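**Q**
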Amino acid sequence: MSAPSSPDAIREVNERYHDGAAAHYDSKWGIDWGEVGREQVLGKVEKAIGGPIPAFARSLEIGAGTGYFSLHMQMAGLVGRATCTDISGGMIEVLQANATMLELDVETSVCDAEELPFEDGSFDLVFGHAVLHHIPDLDRAFAEFLRVLAPGGMIVFAGEPSRYGDRLAQVPKVAATAVAPAWRAAIGAAAAPEGHADGGEDNHELERHVDVHAFLPADLERAAGDAGFVDVRVTGEELLANWFGWTNRALEHTAVSDEIPDLWRQYAFRGYLALQKVDRSLLEGRLPATVFYNLLLSARRPG
Ligand SMILES: C[S@@+](CC[C@H](N)C(=O)[O-])C[C@H]1O[C@@H](n2cnc3c(N)ncnc32)[C@H](O)[C@@H]1O
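Under this note's numbering, think of the first position of the sequence shown as -5, with each following residue one higher.
This is the structure we're talking about:
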């Protein structure tokens, strides 16, 4: 397909792609509902805020997907009443199933980030992970985040691709695709059909069109500042971990999932966690936010 040409077309592609990808989403991204996932989620929120996470009575998640952030924040006792939204009804269905499995109670709504069906001042926290880069009109979305927050409420966004980080991440992806046949032969796994983790080849084709931004830190600062937020804070995380992670994910996506040996998965998983620690202790805070793969944003509604 050709690239979507209007904001409505971008939203429609996002809805269609994520509906198709929802059933395989948690396994594709290795979403964990135990201690490891909890540390990942809380670690990112803490980094975005730049300190300990306060408890929030009412939270609203934007582009909540299958519930990774809201459900972990709720299990950790950091949000009281959780409301989860997404433009994809398929994602919200999987989120509801995950909430039921984890015995959690959440409210859900299928809606666009640019048009939130909530009263002014309804929430103390508006947050999201890996969602801002899908939203065509960020100024409209940030105006909505401010509107639905109570005075003094916070926004927290994590997992947004940085412009340079995104370019750098192409290197391991391209390299991994080139060596994938040799890698599969070495681990004894057969090639998987194209797009198997995205709900089929047609849906996989849509993936190229769902991302509409890769940010400079200043882009996020401007969007939040122009909307009227204060105490705007943008930081970066993950460099080595992302190179390693993208290489392994690109390799794994080419193979039949059941045929990838456990030993390889352990190596990929532990290696990623180890490199996250190296990034955190040696690079984050020393290098500028712009060189990292992920950007994190927090800010506060005045009042
Ligand atoms: C990369 S996924 C991240 C899902 C989840 N936050 C996570 O971290 O696992 C992006 C999500 O944003 C949703 N999305 C895309 N465009 C959106 C929009 N305009 N409004 C609300 N949600 C949107 C998608 O349907 C998808 O579930």
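Glycine is no exception: its CB is placed at the ideal position from the N, C-alpha and C atoms. As the structure is a prediction and not an experimental result, all values here were calculated from the model.
Report the residue from 287, 212, 259 whose alpha carbon sits nearest the alpha carbon of residue 270.
**A** Position 276 of the sequence shown, counting from 1, holds the residue named residue 270. Closest option to residue 270, Cα to Cα, is 287.
**Q** Let's see if you can read the secondary structure: which residues bound the beta strand (DSSP E) around residue 298?
**A** Here the chain covers residues -5 to 297 and nothing more, so residue 298 does not appear.
**Q** Between 13, 125, 257, 243, which has its C-alpha nearest residue 62's C-alpha?
**A** Residue mapping note: residue 62 aligns to position 68 of the sequence shown, counting from 1. Of the candidates 13, 125, 257, 243, the one whose C-alpha sits nearest the C-alpha of residue 62 is 125.
**Q** Kindly indicate which three-state DSSP category residue 122 falls into: helix, strand or coil?
**A** Your numbering for residue 122 matches position 128 in the sequence shown. Three-state DSSP puts residue 122 in a strand.
**Q** What are the complete alpha helix (DSSP H) segments, minimum 4 residues, inside the region 206 to 267?
**A** List check, alpha helix (DSSP H) in window: 211 to 221, 234 to 246.
**Q** Is the closest heavy atom of ligand 1 to the C-beta of residue 14 under 7 Å?
**A** Position 20 of the sequence shown, counted from the start, is the residue given in the question as residue 14. It does not: the Cβ of residue 14 is nowhere closer than 7 Å to a heavy atom of ligand 1.
**Q** Please work out which residues of its chain come closer than 6 Å, Cβ to Cβ, to residue 240, disregarding the five sequence neighbours upstream and downstream, and give them in chain order.
**A** Residue numbering aside, residue 240 sits at position 246 when the sequence shown is read from its first letter. So the qualifying residues of the chain are 163, 166, 167.
**Q** For a test of the three-state rule: what should DSSP assign to residue 74, helix, strand or coil?
**A** To locate residue 74, count along the sequence shown from 1; it is residue 80. Three-state result, residue 74: strand.
**Q** Would you say residue 162 reaches chain B, if we count a Cβ-Cβ gap shorter than 8 Å as a contact?
**A** The chain labelled as chain B is not found in the depicted structure, where only one protein chain is given.
**Q** Using a threshold of 7 Å, is the CB atom of residue 136 nearer than that to any non-hydrogen atom of ligand 1?
**A** Taking the sequence shown and counting its residues from 1, the one referred to as residue 136 is at position 142. Result no, Cβ not under 7 Å from ligand 1.
**Q** Provide the residue span of the alpha helix (DSSP H) that contains residue 21, from first to last.
**A** Counted from its first residue, the sequence shown places residue 21 at position 27. Unbroken alpha helix (DSSP H) run through residue 21: 1 to 22.
**Q** Distance, Cα to Cα, residue 306 vs residue 49?
**A** Given a span of -5 to 297 for the chain in the structure shown, any question on residue 306 remains unanswerable.
**Q** Count the other CB atoms, across all protein chains shown, that sit within 10 Å of the CB of residue 214; report buried if there are 16 or more and exposed otherwise.
**A** As a position in the sequence shown, residue 214 is number 220, starting the count at 1. Flag for residue 214 reads buried.
**Q** Compute every distance between the C-beta of residue 195 and the non-hydrogen atoms of ligand 1, then say whether any falls below 7 Å.
**A** Start at 1 with the first residue of the sequence shown, and residue 195 comes out as number 201. Not so, every heavy atom of ligand 1 lies at least 7 Å from the Cβ.
**Q** Where DSSP assigns a beta bridge to residue 101, which residues make up the other side?
**A** Here residue 101 refers to the residue found at position 107 of the sequence shown. Note: residue 101 sits in a beta bridge opposite 77.
**Q** Pick helix, strand or coil for residue 50, following the three-state DSSP scheme.
**A** Position 56 of the sequence shown, counted from the first residue, corresponds to residue 50. Here residue 50 sits in strand by DSSP.
**Q** Over what stretch of residues does the beta strand (DSSP E) that includes residue 116 continue unbroken?
**A** For the purposes of this step, residue 116 is identified with residue 122 of the sequence shown, where counting begins at 1. Note, residue 116: premise wrong, no beta strand (DSSP E); not H, not E.
**Q** Would you give the residue range spanned by the alpha helix (DSSP H) that residue 64 belongs to?
**A** In the sequence shown, residue 64 corresponds to position 70, counting from 1. Taken as a continuous stretch (DSSP letters only), the alpha helix (DSSP H) holding residue 64 covers 62 to 69.
**Q** Which residue or residues does DSSP assign as beta-bridge partners of residue 294?
**A** For this step, residue 294 is matched to residue 300 along the sequence shown. Residue 294 pairs with 148, 224.
**Q** Helix, strand or coil for residue 289 per DSSP?
**A** Counted from its first residue, the sequence shown places residue 289 at position 295. DSSP places residue 289 in strand when its eight states are reduced to three.
**Q** Could you give the residue range of the alpha helix (DSSP H) that holds residue 182?
**A** Reading the sequence shown from its first residue, position 188 is the one you call residue 182. Element bounds for residue 182: n/a, residue is neither H nor E.
**Q** Measuring CA to CA, which of 250, 13, 150 is closest to residue 35?
**A** One-based indexing of the sequence shown puts residue 35 at position 41. Checked all of 250, 13, 150; the closest Cα to residue 35 is 150.
**Q** Could you say if the region 179 to 190 and the region 131 to 141 meet the contact criterion of at least three C-beta pairs nearer than 8 Å?
**A** No: the two stretches stay apart, fewer than three of their Cβ pairs being nearer than 8 Å.
**Q** Should the region 273 to 287 be regarded as contacting the region 231 to 251, the criterion being three or more beta carbon pairs within less than 8 Å?
**A** Yes, since at least three Cβ pairs between the region 273 to 287 and the region 231 to 251 fall closer than 8 Å, the two stretches touch.
**Q** Whose C-alpha, out of 203, 118, 210, is nearest the C-alpha of residue 159?
**A** Looking up residue 159 in the sequence shown gives position 165. Considering only alpha carbons, the answer is 210.
**Q** Sorry if obvious, but does the Cβ on residue 123 come closer than 7 Å to a heavy atom of ligand 1?
**A** Here the question's residue 123 lines up with position 129 in the sequence shown. At least one heavy atom of ligand 1 is nearer than 7 Å to the Cβ of residue 123, so yes.
**Q** Please report the Cβ distance between residue 133 and residue 220, rounded to the nearest whole angstrom; I am assuming they are in contact, meaning their Cβ atoms lie under 8 Å.
**A** As a working note, residue 133 is residue 139 in the sequence shown. As a working note, residue 220 is residue 226 in the sequence shown. Going by Cβ atoms, the distance from residue 133 to residue 220 rounds to 7 Å, so yes, they are a contact pair.
**Q** Can you round the beta-carbon distance between residue 58 and residue 75 to whole angstroms, since I take them to be within the 8 Å contact cut?
**A** Position 64 of the sequence shown holds residue 58. Position 81 of the sequence shown holds residue 75. Not really, about 14 Å apart at Cβ, beyond 8 Å.
**Q** Specify whether the region 95 to 111 and the region 255 to 270 touch according to this definition: at least 3 beta carbon pairs, one from each stretch, less than 8 Å apart.
**A** Cβ pair count under 8 Å is below three, so no.
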